[in-house]
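**Student:** I'd like to ask you about the structure that follows.
There are 2 protein chains.
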Amino acid sequence: MGANSDDPPVDTEEAIMRATYRALCNHGYANLTMQAIADEFDKTKGVLHYHYDTKQDLLVSFLEYLLSAFQENIAVDGADPAERLEALIETLLFGPPERGRFDHWELTTAMLEIRSEAPHNEEFRRQLSRNHETVKATVVAIVEAGIEQGIFRDVDPEQVATLLLASINGARIYQVTLERDDVAEVTRSSLDAILEHWLYCPDELDSGSKADGNAGED
Amino acid sequence: MGANSDDPPVDTEEAIMRATYRALCNHGYANLTMQAIADEFDKTKGVLHYHYDTKQDLLVSFLEYLLSAFQENIAVDGADPAERLEALIETLLFGPPERGRFDHWELTTAMLEIRSEAPHNEEFRRQLSRNHETVKATVVAIVEAGIEQGIFRDVDPEQVATLLLASINGARIYQVTLERDDVAEVTRSSLDAILEHWLYCPDELDSGSKADGNAGED
């Protein structure tokens, strides 16, 4: 995500999503207008309205887009479950490796604003739920694979997935709303300790790091 | 918190805080006006303005008030560290036992809206940071006492506290922004499993439940 001048040409909807991404990072959700998105885009505001009736429709599509980007980038079938899990945690906490962390926290801030609308906005709630369930199912599948391969203990995959995602969600929100800036890092260390004591079978304390995705998990 | 007709008389500032609490639960943050607070209160809007210049000042004081209420209620010196920790988790996740859960999620929703302002609002960020640091220091002290008494393993108390608070924060926000309503419950079970495997020394798997507090940890 994030268009560079040497990226290959993209279709209009992809271009709108990239423009929305940049506009959200630059302006936040509260100041996000169709014009602000069009300004990040080489077409007119009319083109946005042709594709999306309202800003809400556009943002719901943007949440779907984040989920697709996440799914594309973590689809590493066959890789070691421990490595996949570590990469997923790293990416959810700090953003995909190829994206700057600055961008990541800007997007996290905008996502927090969108999330704070969700209790009063059924469409946002529904799409955030889809994103959450999909990401959780990914974690559950990785944990199940690890148990089957004898790498992970016989834990409850739903419990592991819920705890991981809740702590990552909470840590990212702390990171952008508190004065201290090490909450995500400390949470990363805590999750390492938890995986070691709760999840990994003894002598499975090895890990890697790869993957991508935001998935609206802010 | 929450005034009943048979509560003892309270001073004006306490009465304003209780009115703010009820107004936030009933209207949320977005629709919170000084008039809405005065309507929950047996005095006029003028009294509010006499005590607080702006709605922001009042809300910063409200965050302090939540922290004091939390501190009063979890101050159970001498109690068993495992019991204190379980009670604190239960209270942060689901609200103080004497308060209805409905209220708790309404307040969580309003607190999420306040938190989403924090990246752009230095006063909110500063007070949310104070609340976070104080609650975290409480968890750290409990964990340290448990280690000293040989009940807990020799873990890093800062890691434990950060992970607990981040997962509770994330779970509460999921609870009010997703369609499913069991995230807090599943997180509770996950935390039990973590405490068992990460924190408790073998044969220290006993617990209790008590205490109070919200502490702005939403």
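Respectively, the protein sequence lines represent chains A and B. Note that the working numbering gives residue 116 to position 115 of the first sequence, counting from 1, and the numbers run on in steps of one. Note that the working numbering gives residue 59 to position 58 of the second sequence, counting from 1, and the numbers run on in steps of one. We put the beta carbon where it would ideally sit given N, CA and C, even for glycine. Computed from a prediction, not measured in an experiment: that's the story for all the values here.
#1: With a floor of 4 residues, list each alpha helix (DSSP H) that falls wholly inside the segment 135-207 of chain B, ordered by position along the chain.
#2: Give every residue of the same chain whose Cβ lies closer than 7 Å to the Cβ of T110 of chain A, excluding the five residues on either side of it in the sequence, and list them in chain order.
#3: Buried or exposed: where does E114 of chain B fall if 16 or more other Cβ atoms within 10 Å of its Cβ makes it buried?
#4: For S62 of chain B, would you say it is in contact with chain A, using Cβ-to-Cβ distances shorter than 8 Å as the test?
#5: Please check the pair T188 of chain A and T135 of chain B, which I expect to be a contact at CB under 8 Å, by giving their CB distance rounded to whole angstroms.
#6: Which two residues bound the contiguous alpha helix (DSSP H) that contains K46 of chain A?
#7: Against chain C, with Cβ distances strictly below 8 Å, would N170 of chain A count as a contact?
#8: In this structure, does DSSP put G104 of chain A in helix, strand or coil?
#9: Does the Cβ of E180 of chain B have 16 or more other Cβ atoms within 10 Å, making it buried, or fewer, making it exposed?
#10: Name the two residues that bound the continuous alpha helix (DSSP H) containing L86 of chain A.
#11: Report yes if the CB atom of I38 of chain A is closer than 8 Å to the CB atom of L93 of chain A, and no otherwise.
#12: Return yes when the Cβ of W199 of chain B is within less than 8 Å of the Cβ of V156 of chain B, no when it is not.
#13: Report buried or exposed for E205 of chain A, applying the criterion of at least 16 other Cβ atoms within 10 angstroms of its Cβ.
#14: Beta-carbon of I174 of chain B versus every beta-carbon of chain A: anything under 8 Å?
#15: If you measure beta-carbon to beta-carbon, which residues of the segment 117-133 of chain B are closer than 7 Å to chain A?
#16: Going by C-alpha to C-alpha distance, which of B:F71, B:D81, B:L165, B:E149 sits closest to R131 of chain B?
#17: Which residues, in order along the segment 178-197 of chain A, keep a beta-carbon less than 8 Å from a beta-carbon of chain B?
#18: Going by the CB atoms, is the gap between V141 of chain B and L165 of chain B shorter than 8 Å?
**Tutor:** On the basis of the coordinates in this document:
#1: 158-178, 184-195
#2: G29, V177
#3: buried
#4: no
#5: The Cβ separation is near 19 Å, so there is no contact.
#6: 46-52
#7: This model lacks chain C altogether; the protein chains it does include are A and B.
#8: Before going on, a small fix: residue 104 of chain A reads as Asp here, not Gly. Reduced to three states, the DSSP call for D104 of chain A is helix.
#9: exposed
#10: 82-95
#11: no
#12: yes
#13: Because the pLDDT of E205 of chain A is 48, which lies under 50, any placement of that residue in the model is unreliable, and the number read from its coordinates should be weighed accordingly. That one is buried.
#14: yes
#15: S117, A119, P120, R126, R127, L129, S130, H133
#16: B:F71
#17: T178, L179, E180, R181, V184, V187, T188, S190, S191, L192, A194, I195
#18: no
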